[in-house]
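Going down the list, the sequences are from chains X and V. According to the numbering used here, the first sequence holds residues 1197 to 1651 in order. According to the numbering used here, the second sequence holds residues 1197 to 1651 in order. C-beta: ideal position from N, C-alpha, C; glycine also.
There are 2 protein chains.
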Amino acid sequence: MREIVYEFDDILEQIQHTLATEDKQQFREIFFENHTYDQAQIYLSLTLEERKLAYQYLTPEEMAMVFELLEEDVEDVEEYLNEMDEAYASRMLAEMYSDNAVDVLKQVGEENVRTYLRLMPHKTASELRQLLNYEDETAGAMMTTEFIAVRESDTLKTAMATVKRFAEDAETIYYVYVTDDENHLTGILTLKDLIVKPDEKLVKDIMIDRVVTVHVNDAQEEVAQTIKDYDFLAIPVVDDTNTLVGIITVDDALDVIEEEATSDYSGLAGVNVDEAHQGVWAGIVNRLPGIMTLLIMGTVTAFLFRHYEPLIQQASIFAIFITLITGTAGNTGTQSLAVAIRKIGLHEEEQSFWKVLVQEGTTGLGIGLISGVVVFGIVSLWQGNLVLGGIIGFAMFASIFVAALTGTCIPFALEKFNFDPSIASGPFITTVNDLTTVLVYFTIVSQFISVYLAK
Amino acid sequence: MREIVYEFDDILEQIQHTLATEDKQQFREIFFENHTYDQAQIYLSLTLEERKLAYQYLTPEEMAMVFELLEEDVEDVEEYLNEMDEAYASRMLAEMYSDNAVDVLKQVGEENVRTYLRLMPHKTASELRQLLNYEDETAGAMMTTEFIAVRESDTLKTAMATVKRFAEDAETIYYVYVTDDENHLTGILTLKDLIVKPDEKLVKDIMIDRVVTVHVNDAQEEVAQTIKDYDFLAIPVVDDTNTLVGIITVDDALDVIEEEATSDYSGLAGVNVDEAHQGVWAGIVNRLPGIMTLLIMGTVTAFLFRHYEPLIQQASIFAIFITLITGTAGNTGTQSLAVAIRKIGLHEEEQSFWKVLVQEGTTGLGIGLISGVVVFGIVSLWQGNLVLGGIIGFAMFASIFVAALTGTCIPFALEKFNFDPSIASGPFITTVNDLTTVLVYFTIVSQFISVYLAK
């Protein structure tokens, strides 16, 4: 792919030259030699002055193609719209596929949205207005209304004519949707069938009538997962009455899967890993609330610890193993947390709380036992003291077991009370486990310290 | 989607009934009413006896369709193959798209692979043998060889005839590849253009000649990312001489993006989150090496701690804040780690080590300063001792700063020495930071303890 990078710089330079010399024809020639994605990259690399010329050289329809591929990557899309004159921006938005137009409009101030919609053809504006009403991260908010529909009673020849007529406007022509007089979805045709099967056949004899659909209110992860499972290029979206209201294409499923993955990863790390684009200060502001919460929790642990200070005064050796035990317990807790969040995310019925709890509890028991024995061995040999080894080993075992249970229970509890389970990050669990571990550790130490001191 | 779940149980019951009554015709009728993905789910829900009947009722070609959608989900695919007779399994594999057949063959013992390939048509076997040679997780290992190619000099009418002829065998007909006499890739046609543009036009006048390709040796993430960026349905794979050797379709890109996301997530958690399918014992065996490594590192920290035990004996109050400081530093380290791994994963040139180090270092400095001041305040008020507050606050600041640097440097160092940076998990960084924090903390305490004791 390296060659493409160099080539891109060359092309950008050529484009900038045509703009500097105000050579519209040459600009258009070079610009349209590129893939839309690369056109978008070129556009993003231009200066404000250059972009303003580009708006003169490209029609709103052509600019719409560029913006289709822009909206995912750009955070300040409103600034670009503000550079255009209102009529141009409005026509461009009207020309975009409705799902992408909605994504852009959602990033734009309310007043501007009203202006753009007012300047649009009435039908387009009312379609977009409807799409804007769907809740974020649902099928309704992802879908586009530009699909091709035919009737059961059409011949394949008629259906093919419909496909050709709407090919330029539809987001995909590779699936054709079959609806009845009231727009209820009754079947799907693939373009492949349309091409391969005899012209005179009827749509109803060829179509797939066991249609997999999603509901407008379904969560975007579910939609993406269904598209992925079935290897679909698009999936139809229906409302409560099975009326076909839109379709969602595979490229949107790809975006959702990546978006969800980044958000899960960020959740586990307790930091928005994409923050870096926003600079250091934004990074600090982003992380500070989390760090402060954990710091307060850490202080509570210190308060608890203070309560056990007399034990340390009696035998300072017990202070030495505290990081070993809190550390290992924290690690086990993080692992159980990750497994639990993953299980919750899979939405499989078999992944019930109790099943996961038993599984993680047993795993924690096993790892705790083995770690306890190993630590017992190390400490006994190192300190030449079996009682000390026994106390530390037992504390290690108990802390790991408790950590595995905590790591499993917390995300399920959050889910139960309708919080996003992924707000329980690794750092959060580690901090909770520091508290439980200090409690477990000193409870055990206080029980057995007399035996240790008596030796 | 809930309705579909119930419906599935009904269908499964019907299918099982047809098998129990050995009603082949009825079985086939019900089975083929389902989407391939659902056929695969039905197949997986059958008992061994039922599956053996299914092999009699379905041709290897029909079974191939089911296996296309099976290979991602099933871990013991070899067991299923072993149930079939060799000729049946071999014909089924030969009928599958080559990328999926290769995925299956990679999970099968060497001797079986040889048997299956021997029983196949010579051409198919040699194609599969070649694909099996590509390194895992490269474009070569992902691609399929079932694509449609036409010539520049063809008319669209001829090209369309080619599409129709190969439609049943090709993995996608929505892109048609243009090659010269030596199979060099010179352009791409979309099926949409083939349909919409006039029949008598020549391929070379319509085709897109600025083709985005991937190389057979490119990493699978790069391939998936390119497909995602360009919103492609498929991408051509070429070798060093620009010869078209295969294509990769968007459904494979989806699988890769999800696979990579799961592996990054697992890496950060320090546990394979999909292990649960394998039971408790496998889970313990999986996690134990990691936990043991961390336990050894934790023991080293305890050794170091032991060295500073006299300080604790002089003033046990210093033991109390250790979990607070190691905990907060560990959290900062995990966050920096996640950001660094993400940056490395993006493969962007601007995300150089130094840039990320400065960014994370500055962020760590900021968070460290604020946390240090807050802790200084809390401890001073709580203990009524400004010197103690100052020592703990300063130690907090220094530990957080060091943790941010460690968290950033370790993954970049791993990358530099050609290890996978994601082997540095959150638990690993936390454990490393426990060590550095204990060192930093007690160095500071030992410098200032005389001031504290003199008060």
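Practice prompt. Measuring only between beta-carbons, confirm whether tyrosine 1312/X sits less than 9 angstroms from chain V.
Written response: no
Worksheet item: Run through DSSP, which three-state label would valine 1201/V get?
Response: Because the pLDDT at valine 1201/V is just 48, under 50, the model does not fix this residue reliably, and the value given afterwards should be weighed accordingly. Three-state result, valine 1201/V: helix.
Practice prompt. Please list the segments of the alpha helix (DSSP H) lying wholly inside the segment 1327 to 1356 of chain X, counting only runs of 4 or more residues, in order along the chain.
Written response: 1335 to 1338
Discussion item. So, at 6 angstroms on beta carbons, what are the nonlocal neighbours of alanine 1216/V in its own chain, with the 5 sequence-adjacent residues on each side left out?
Written reply: none
Worksheet item: What does a CB cutoff of less than 6 angstroms around valine 1467/X pick up in its chain, not counting 5 residues either side in sequence?
Response: Arg1483
Worksheet item: Do you know offhand how far glutamate 1333/X's Cα is from threonine 1409/V's?
Response: 32 angstroms
Worksheet item: Where do the ends of the beta strand (DSSP E) carrying proline 1617/X lie?
Response: Careful: proline 1617/X lies outside any beta strand (DSSP E) and carries neither H nor E.
Discussion item. Closest to methionine 1403/V by C-alpha separation, out of Asn1438/V, Asp1414/V, His1503/V, Thr1375/V, would be which residue?
Written reply: Thr1375/V
Discussion item. With three or more C-beta pairs closer than 8 angstroms as the rule, is the segment 1520 to 1531 of chain X touching the segment 1600 to 1613 of chain V?
Written reply: no
Practice prompt. Go ahead and label leucine 1649/V buried or exposed: buried means 16 or more other beta carbons lie within 10 angstroms of its beta carbon, across all protein chains shown.
Written response: exposed
Worksheet item: Going by beta carbon distance, what residues of the same chain come within less than 6 angstroms of valine 1634/V, once the five residues before and after it are set aside?
Response: Thr1497, Leu1500, Phe1501
Discussion item. Assuming leucine 1254/V is part of the alpha helix (DSSP H), what are its boundary residues?
Written reply: Note, leucine 1254/V: premise wrong, no alpha helix (DSSP H); not H, not E.
Worksheet item: Taking all protein chains shown into account, do 16 or more other C-beta atoms lie within 10 angstroms of the C-beta of arginine 1310/V, making it buried, or fewer, making it exposed?
Response: exposed
Item to complete: Using a Cβ cut-off of 9 angstroms (strictly closer), state whether isoleucine 1200/X contacts chain V.
Response: Low local confidence applies: a pLDDT of 49 at isoleucine 1200/X is under 50, so the model's placement there is unreliable, and no value is given.
Discussion item. Let me check one thing: in DSSP terms, what residues is leucine 1381/V bridge-paired to?
Written reply: Thr1375/V
Discussion item. Using C-beta distances below 6 angstroms, list every residue in its chain close to tyrosine 1330/X, excluding the 5 sequence neighbours before and after it, in chain order.
Written reply: Gly1336, Ala1337
Worksheet entry | For histidine 1411/X, the residue or residues it bridges with in DSSP | Val1434/X
Item to complete: Run the CB neighbour count on phenylalanine 1228/V, radius 10 Å, all protein chains shown included, and call it buried at 16 or more, exposed below.
Response: exposed
Worksheet entry | Where tyrosine 1370/V meets chain X, residues with beta-carbon distance less than 7 angstroms | Tyr1370
Discussion item. Against chain X, with Cβ distances strictly below 9 angstroms, would proline 1394/V count as a contact?
Written reply: no
Item to complete: With distances taken Cα to Cα, identify the nearest neighbour of asparagine 1629/X among Thr1524/X, Lys1302/X, Ile1431/X.
Response: Thr1524/X
Fill in: Separation of glycine 1541/X from alanine 1457/X, as counted between CA atoms
11 angstroms
Worksheet entry | Opening and closing residue of the beta strand (DSSP E) in which glycine 1442/V lies | 1440 to 1445
Worksheet item: Using the rule of at least 16 other Cβ atoms within 10 Å of the residue's Cβ for burial, across every protein chain shown, is valine 1298/X buried or exposed?
Response: buried
Worksheet item: Three-state secondary structure (DSSP) at threonine 1386/V?
Response: strand
Discussion item. What does the alpha-carbon distance come out to for the pair aspartate 1205/X and glutamate 1454/X?
Written reply: 28 angstroms
Worksheet item: Can you tell which of Ile1606/V, Val1641/V, Leu1390/V, Val1636/V has the C-alpha that lies nearest to the C-alpha of phenylalanine 1624/V?
Response: Ile1606/V
Worksheet item: Are there 16 or more other CB atoms within 10 angstroms of the CB of aspartate 1414/V, so buried, or fewer, so exposed?
Response: buried
Item to complete: Rounded to whole angstroms, what's the CA-CA distance from isoleucine 1619/X to threonine 1627/X? Just pull it up for me.
Response: 14 angstroms
Fill in: Buried or exposed (CB count within 10 angstroms, at least 16 for buried), threonine 1214/X
buried
Item to complete: Decide if threonine 1519/V is buried, meaning its Cβ has at least 16 other Cβ atoms within 10 Å, or exposed.
Response: buried
Worksheet item: Per DSSP, what kind of secondary structure is leucine 1500/X in: helix, strand or coil?
Response: helix
Worksheet entry | Same chain only: Cβ atoms within 7 angstroms of glutamate 1279/X, ignoring 5 sequence neighbours per side | Leu1244, Arg1247, Lys1248
Worksheet item: Hey, serine 1286/X and glutamate 1342/X: beta-carbon distance below 9 angstroms or not?
Response: no
Practice prompt. Could you list which residues in chain A have their beta carbon closer than 9 angstroms to that of isoleucine 1453/V, in chain order?
Written response: Looking at the structure shown, chain A is missing, and the protein chains on hand are X and V.
Worksheet item: Looking at C-alpha atoms only, which residue of Leu1450/X, Thr1382/X, Ile1238/X is the closest neighbour of glutamine 1421/X?
Response: Leu1450/X
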